[in-house]
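Residue numbers (UniProt numbering), protein chains in the order written: chain Y, 1 to 288; chain E, 1 to 288.
All C-beta atoms in this analysis are idealised placements derived from N, C-alpha and C, irrespective of residue type, glycine included.
Structure first, commentary second.
Number of protein chains: 2
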Amino acid sequence: MKTYPEWLKEVDGSLWLTEDDRSLLKIDYKIKEVIFSKQSPLQHVMIVDSYDFGKMLILDGVVQTTAVDGHIYNEMISHVPLTLHPHPKKILIIGGGDCGAAREAAKHTSLEQIDMVEIDELVVKASKEYLQEVSGNLSDPRVNFIFTDGIKFVQEKENEYDVIIVDSSDPVGPAEALFEYDFYAHIKQALKKDGIAVFQSQSPIFHREMLKQTYSYTKELYPGSAVFQAVVPTYPGGMWTFTIGTKRYLIEPEKANVPPLETKYFNQDILKGCFLLQQDLKNLLSQE
Amino acid sequence: MKTYPEWLKEVDGSLWLTEDDRSLLKIDYKIKEVIFSKQSPLQHVMIVDSYDFGKMLILDGVVQTTAVDGHIYNEMISHVPLTLHPHPKKILIIGGGDCGAAREAAKHTSLEQIDMVEIDELVVKASKEYLQEVSGNLSDPRVNFIFTDGIKFVQEKENEYDVIIVDSSDPVGPAEALFEYDFYAHIKQALKKDGIAVFQSQSPIFHREMLKQTYSYTKELYPGSAVFQAVVPTYPGGMWTFTIGTKRYLIEPEKANVPPLETKYFNQDILKGCFLLQQDLKNLLSQE
C-alpha cells in the first residue's frame, strides 16, 4: 500500500489533493497521478497531474503553480517590470523555483544576464524535469542558477541590477523574511540608480494587511510605487497583487513599449488594465 | 439528529459545505450555521453563514453569491451597461433572484422603472430576508417584481427597454434556455432601438465554448458587441465574463460618464480596464 502525505487521499479509487487554507476553506483537486514526491531539507516537494489544472507544483501541500494558469502569474511578474524599464540588461529573480518567471524573462532578447537565486534546488530540479509546461525546461545560457538564501545574497549586492523580481511563496516558512522591511531596503540597494523592483504581494481579499505593508515599504523606499493585479485561479480568492517600486522611471503603462513577446495573458492592453484598480483596493492603498 | 442535503456535512463537530464542480474540483467552505434551507418547486434554496465569505446563497448545492464578493458580480453586470447607455429610464433584469443586480441598478437615480423577472420567488424571499448583505432588503418603489419565466416574458415585449440585464445561473436546469439563440433574439426585440443588453457569459477558462457561443450570437444580432471581465472569487477559476450587445451606442468606456455611485468595486478605472482582455481570450474571440 502506498503512503501519501496528509494532503493526498484516495477516495473510492480516485486520488484527491486537498489544499487546506487556514482550516476554513479547502480545495480538493482530482488527481490523475503523482509524478514526483520528495522531502527536501526545507519542504515537501511534489508534482502531480490533475484533471482541471494539468500538472501542479505542490510545496508542503500548497499549490504553487499549474500547467493551466501558471503562465498568468509568471508573465505578469516578469513582463510588467521588464516592459516599464526602457533598457533592462542584468536582472535578478529571487525565488521562482518553478523557473516560470525566468523563462518569461528570457523572452526579452535585450537581457544579457538573469541571475536566479532559489533557496531550494530540489524545486528547480523537479520543475525542470517534470513540469516543463511551466519551466519550459529552461536552459537559456543567460540564466545563472544560484542555490542559496536570497536574503543573504542580496545583502552583499550594490548598484548591480536593472530589475529585481521577488517571486516568493507565501509569508510562512522559508519565505517569511522576504516580507520584512530590511529585505526591501536591501533590494533597493542592489538595484542600479534607475532600477525597478517587483514583489508578489498576496491577495487583495485575504491578505490585506500584508499588501498594505508591502505597499507602504515600497512607497517609503522608492520615488515611484504602484500595485497591479492579475487573476490566478488556483490562488485563494482568484485575484492576486504585485507591488512595484521604481527608482527613476515613471510608471506610465500607456507609454511603455511592449516588445514582441509570445504570451498567452500579457499584452499591451493588460499592461494598461492591470494598474486600474477596484474601488475598495484604491481605498485600502490610499490609507498609506 | 439533523438531516442535511448531500452537499452539507458535519465533520468532527464542524459543518462544511462542499461545492462539487464536475466531480473534478471540490471546494469546501467551513460553515458557521445554516440560516435557511427549503426546496422550492424548481430547486433547493439554502442560505448559510460561512467563515471566509460570510453569508452565501446556495442553489442545488452551487454557490451563487456571497456577502464578501457578491457585490463584484452585481456591480459589474449592472453599472457597466447602465453607464454605457447615456440616459437609461426603463430596464429589465432577468434572473438575479438574490436582488443584488436590482439593488445596484436602483443606485442610478435616472431610472424610472426596474422590471425584475425571476422564475423562483423563494430565492427572492429568502435573499430579502436572510441575505441583506447582497439584496440590501431591496424595497425601492421603482423595482417591479414579476415571478414568471423570463423566456416567455421577453417573447411578448417589443421596443420597451433601454437596458436588459440577463443575470442567469449556470446553463443547467432552469437557466439552460437562457443560453439559446432564440432567447438572444427576443432580448434584442424587447430592447428600444438604442438599447443595450448584457449577459453573464461564464468562465473564460472552463466554459470557453459557451462564451464563444454567447459572443457569436451577440455579434450577429447587434451592431456593437464586446466581452468584459470581472473577478468573482467564489466562481470556479475566479475570472468571469460578461457579454454586451448594443443597438446604437458605441462601446467607448473611456468616454462614458460614470455618475456618482456608492460602490466597492466599480469605478471609472474599472470601466476602462474590464474591456482590456488577456491575449488568449482575444485570440478565442477573434475566431468568431
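- Query: Which whole-angstrom value describes the C-beta separation of D228(E) and F183(E), a residue pair presumed to lie in contact below a C-beta threshold of 8 Å?
  - Reply: For the purposes of this step, residue 228(E) is taken as the residue at position 228 of the second sequence. For the purposes of this step, residue 183(E) is taken as the residue at position 183 of the second sequence. In the sequence as displayed, the identity of residue 228(E) is Phe instead of Asp. Between F228(E) and F183(E) a beta carbon distance of about 20 Å is seen, past the 8 Å cut, so the two are scored as non-contacting.
- Query: Taking 8 Å as the CB-CB cut-off, is T243(Y) touching chain E?
  - Reply: Counted from its first residue, the first sequence places residue 243(Y) at position 243. Chain E contact via Cβ: absent.
- Item | Near-chain E residues of the region 251-268 of chain Y - C-beta to any C-beta below 8 Å | Per Cβ criterion, the list reads T263, K264, Y265, F266, N267.
- Between the region 135-154 of chain Y and chain E, which residues of the former have a C-beta closer than 9 Å to a C-beta of the latter? Listed by position, the residues of the region 135-154 of chain Y near chain E (Cβ gap below 9 Å) amount to none.
- Message: For T214(E), report the span of its alpha helix (DSSP H) as first-last.
- Response: Residue mapping note: residue 214(E) aligns to position 214 of the second sequence, counting from 1. Element bounds for T214(E): 208-221.
- Decide if the region 111-123 of chain Y is in contact with the region 36-51 of chain Y; the criterion is three or more beta carbon pairs, one per stretch, under 8 Å apart. They touch, by the three-pair rule.
- Task: Classify S225(E) as helix, strand or coil using the three-state DSSP reduction.
- Result: As a working note, residue 225(E) is residue 225 in the second sequence. DSSP places S225(E) within a strand segment (E or B) once states are collapsed to three.
- Considering only residues of the same chain and omitting the five flanking positions on each side of Q113(Y), which have a CB-CB separation below 8 Å? Counting from one through the first sequence, the residue named residue 113(Y) turns up at place 113. The answer, listed in chain order, is K89, K90, I91, R142, N144.
- Message: Using only the alpha-carbon positions, how far apart do G238(E) and M76(E) sit?
- Response: Here residue 238(E) refers to the residue found at position 238 of the second sequence. Here residue 76(E) refers to the residue found at position 76 of the second sequence. Going by C-alpha positions, G238(E) is about 15 Å away from M76(E).
- How would you list, in chain order, the residues of chain Y whose beta-carbon sits under 7 Å from the beta-carbon of Y29(E)? Here residue 29(E) is taken as the residue at index 29 of the second sequence, counted from 1. What Y29(E) touches in chain Y: L25.
- Indicate the three-state DSSP secondary structure (helix, strand or coil) for G245(Y) in the structure shown. To locate residue 245(Y), count along the first sequence from 1; it is residue 245. Correct three-state label for G245(Y): strand.
- Contact list for K272(E) against chain Y, beta-carbon separation under 7 Å: In the second sequence, counting from the first residue as 1, residue 272(E) sits at position 272. Within 7 Å Cβ-Cβ: L276.
- Task: Could you tell me the boundaries of the beta strand (DSSP E) in which H44(E) lies?
- Result: Against the second sequence, residue 44(E) aligns to sequence position 44. In the DSSP assignment, H44(E) falls within the beta strand (DSSP E) that extends over 44-50.
- Thinking C-alpha only, which one of M56(Y), I35(Y), D60(Y) is nearest V45(Y)? Taking the first residue of the first sequence as 1, we reach residue 45(Y) at position 45. Distances from the CA of V45(Y) to each of M56(Y), I35(Y), D60(Y) were compared; the closest alpha carbon is that of D60(Y).
- Task: Flag D12(Y) as yes if its beta-carbon sits less than 8 Å from any beta-carbon of chain E, otherwise no.
- Result: By one-based count along the first sequence, residue 12(Y) stands at place 12. Taking Cβ atoms only, chain E never reaches closer than 8 Å to D12(Y), which makes this a no.
- Of all Cβ atoms in chain E, is any one closer than 8 Å to the Cβ of Q287(Y)? As a first step, residue 287(Y) is located in the first sequence; it is residue number 287 there, counting from the start. Among the CB atoms of chain E, none fall inside 8 Å of the CB of Q287(Y).
- My understanding is that W240(Y) touches S286(Y), with C-beta atoms under 8 Å, so please give their C-beta distance in whole angstroms. Locating residue 240(Y) in the first sequence gives position 240, counting from the first residue. Locating residue 286(Y) in the first sequence gives position 286, counting from the first residue. Beta-carbon to beta-carbon, W240(Y) and S286(Y) are separated by about 20 Å, too far to satisfy the 8 Å threshold.
- Assuming Y265(Y) and P86(Y) form a contact by the criterion Cβ under 8 Å, report the distance between their Cβ atoms to the nearest whole angstrom. Reading the first sequence from its first residue, position 265 is the one you call residue 265(Y). Reading the first sequence from its first residue, position 86 is the one you call residue 86(Y). For a cut-off of 8 Å, the C-beta gap from Y265(Y) to P86(Y) is around 23 Å, too long to register as a contact.
- Note down the Cα distance separating K32(Y) from K9(E), rounded to an integer number of angstroms. In the first sequence, residue 32(Y) corresponds to position 32, counting from 1. In the second sequence, residue 9(E) corresponds to position 9, counting from 1. For the pair K32(Y) and K9(E), the Cα-to-Cα distance works out to about 26 Å.
- Which residues, in order along the region 190-212 of chain Y, keep a beta-carbon less than 7 Å from a beta-carbon of chain E? Within the region 190-212 of chain Y, the qualifying residues are I205.
- At 8 Å on the CB atoms, spell out the chain E contacts of Q279(Y), in chain order. Mapped onto the first sequence, residue 279(Y) falls at position 279. Going along chain E in sequence order, the residues near Q279(Y) (Cβ under 8 Å) are T263, K264, Y265, F266, N267, I270.
- Task: State buried or exposed for G95(E), treating a residue as buried only when at least 16 other CB atoms are found within 10 Å of its CB.
- Result: As a first step, residue 95(E) is located in the second sequence; it is residue number 95 there, counting from the start. Under this definition G95(E) is a buried residue.
- T148(E) - containing beta strand (DSSP E), residue span: Position 148 of the second sequence, counting from 1, holds the residue named residue 148(E). Segment: none, T148(E) is in no beta strand (DSSP E) and carries neither H nor E.
- Which residues of chain E have a Cβ atom closer than 9 Å to the Cβ of M239(Y), listed in chain order? For the purposes of this step, residue 239(Y) is identified with residue 239 of the first sequence, where counting begins at 1. Here the neighbours are V231, P233, G238.
- Query: Under a CB-based cut-off of 8 Å, is D98(E) close to chain Y?
  - Reply: On the second sequence, position 98 is the one that residue 98(E) refers to. Using a Cβ-Cβ cut-off of 8 Å, D98(E) does not count as an interface residue toward chain Y, since no Cβ of chain Y sits closer than that to its own.
- When you compare only the Cα positions, how much space is there between Q268(Y) and T65(E)? Within the first sequence, residue 268(Y) is the residue found at index 268, counting from 1. Within the second sequence, residue 65(E) is the residue found at index 65, counting from 1. Straight-line Cα distance between these residues: approximately 32 Å.
- Task: Assign V163(Y) to buried or exposed, taking buried as 16 or more other Cβ atoms, counted over all protein chains shown, within 10 Å of its Cβ.
- Result: As a first step, residue 163(Y) is located in the first sequence; it is residue number 163 there, counting from the start. Burial call: buried.
- Message: Let me confirm a value: T109(Y) is counted as buried when at least 16 other C-beta atoms fall within 10 Å, else exposed. Which label applies?
- Response: The residue given as residue 109(Y) occupies position 109 in the first sequence. Under the 10 Å beta carbon count, T109(Y) is surrounded by fewer than 16 other beta carbons and is classified as exposed.
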